[in-house]
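In my numbering, the protein residues as written are 1347 to 1641.
In this text, a Cβ means the ideal position worked out from N, Cα and C, and glycines have one as well.
These numbers come from a predicted model, not from an experiment.
Please read the structure below before turning to the comments.
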């Protein structure tokens, strides 16, 4: 069983003055305060950003957006202003949420690539490297969707009838220190990939993911440096794991136990940390007493 191939986005980091994609997202603070990049872009477009905000009564309130199409005299075809309000006491998790909200906006647009300019508007909190990496994490998490078993809808606006694209697949995050942000994002990208894998497994239908298939997915993690042992019924019986085997007798699909080890401690003699989890791939408990609406 292969995991869902449609839940990945390419995220990279670039300098604030690097060329931007045709769709660009900029931060706007309270009372439509713009960052240096935003003010320069507004000036280059003959005041299009500010005049559009005035017409739409957009004031940079947190979690509000203004979509400016075809601003004059600039290379961007769409500029999305993202309101963050005063934003003086934002924690990292707030930026993770912000990244998810911005990605939600981008996914609703007809664009495959976008730039996100993370530069603080006037009087807003500084955009640190940790906040940049956190925003990218939120964007990657929100980009997830499970389309493994869906056929692609045809694009009605396309004369040749090609399938619709999956939305934005590339995000360039512009920030003050792209090298530092790239390093800070390594761990967060791994977290997002792990979350996506868990979501893939949860979304698999019961007839495609049983104990054997789930154990195979655990075994595949050896690629990333884990030691994985898969215990089959004969080994479980020798270990006296009768309760597990007793439950498994209710299914034609045999039980499995995955033992995963990560030897990552700096001190080889340090006591281990153990997690015990239960992977219920399908549970028929109560199936005979629940109505269809309760299943």
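Option in the options with minimal Cα separation from residue i
| i | options | result |
| --- | --- | --- |
| residue 1538 | 1562, 1480, 1606 | 1480 |
| residue 1362 | 1445, 1606, 1464, 1453 | 1464 |
| residue 1544 | 1482, 1523, 1617, 1627 | 1627 |
| residue 1404 | 1583, 1416, 1374 | 1374 |
| residue 1354 | 1617, 1486, 1421, 1552 | 1486 |
| residue 1570 | 1608, 1594, 1397, 1593 | 1608 |
| residue 1495 | 1483, 1567, 1554 | 1554 |
| residue 1369 | 1377, 1357, 1424, 1378 | 1424 |
| residue 1433 | 1604, 1466, 1413 | 1466 |
| residue 1568 | 1491, 1604, 1493, 1498 | 1604 |
| residue 1365 | 1582, 1617, 1395, 1459 | 1459 |
| residue 1356 | 1497, 1386, 1514, 1440 | 1514 |
| residue 1599 | 1588, 1435, 1581, 1558 | 1558 |
| residue 1342 | 1378, 1490, 1521 | A question about residue 1342 goes unanswered here, because the residues of the chain that appear run from 1347 up to 1641. |
| residue 1477 | 1440, 1587, 1620, 1588 | 1440 |
Cβ-Cβ separation, residue j to residue i (assumed contact under 8 Å), whole Å
| i | j | result |
| --- | --- | --- |
| residue 1406 | residue 1429 | 4 Å |
| residue 1601 | residue 1611 | So it is not a contact: roughly 30 Å between Cβ atoms. |
| residue 1397 | residue 1418 | Going by Cβ atoms, the distance from residue 1397 to residue 1418 rounds to 10 Å, so no, they are not a contact pair. |
| residue 1371 | residue 1395 | Their Cβ separation, rounded to whole angstroms, is 12 Å, which puts residue 1371 and residue 1395 out of contact at 8 Å. |
| residue 1657 | residue 1492 | Any answer about residue 1657 is impossible in this case: the structure gives the chain only from 1347 up to 1641. |
| residue 1482 | residue 1534 | 7 Å |
| residue 1516 | residue 1431 | With 8 Å as the limit, residue 1516 and residue 1431 do not qualify as a contact, their Cβ atoms being about 28 Å apart. |
Distance, residue j Cα to residue i Cα
| i | j | result |
| --- | --- | --- |
| residue 1426 | residue 1389 | 16 Å |
| residue 1420 | residue 1442 | 30 Å |
| residue 1547 | residue 1422 | 39 Å |
| residue 1438 | residue 1585 | 45 Å |
| residue 1473 | residue 1524 | 12 Å |
| residue 1359 | residue 1527 | 7 Å |
| residue 1623 | residue 1575 | 15 Å |
| residue 1449 | residue 1468 | 23 Å |
| residue 1519 | residue 1531 | 11 Å |
| residue 1562 | residue 1536 | 20 Å |
| residue 1416 | residue 1408 | 24 Å |
| residue 1613 | residue 1529 | 25 Å |
| residue 1582 | residue 1639 | 37 Å |
| residue 1436 | residue 1597 | 50 Å |
| residue 1566 | residue 1484 | 26 Å |
| residue 1620 | residue 1447 | 35 Å |
| residue 1589 | residue 1498 | 44 Å |
| residue 1625 | residue 1387 | 52 Å |
| residue 1552 | residue 1378 | 50 Å |
Short Cβ contact (8 Å threshold) for residue i with residue j
| i | j | result |
| --- | --- | --- |
| residue 1591 | residue 1579 | yes |
| residue 1550 | residue 1461 | no |
| residue 1488 | residue 1445 | yes |
| residue 1572 | residue 1606 | yes |
Please determine if the stretch 1371-1385 and the stretch 1536-1555 are in contact, where contact requires at least 3 C-beta pairs separated by less than 8 Å.
-> no
Three or more beta-carbon pairs under 8 Å between the stretch 1395-1402 and the stretch 1447-1455, yes or no?
-> no
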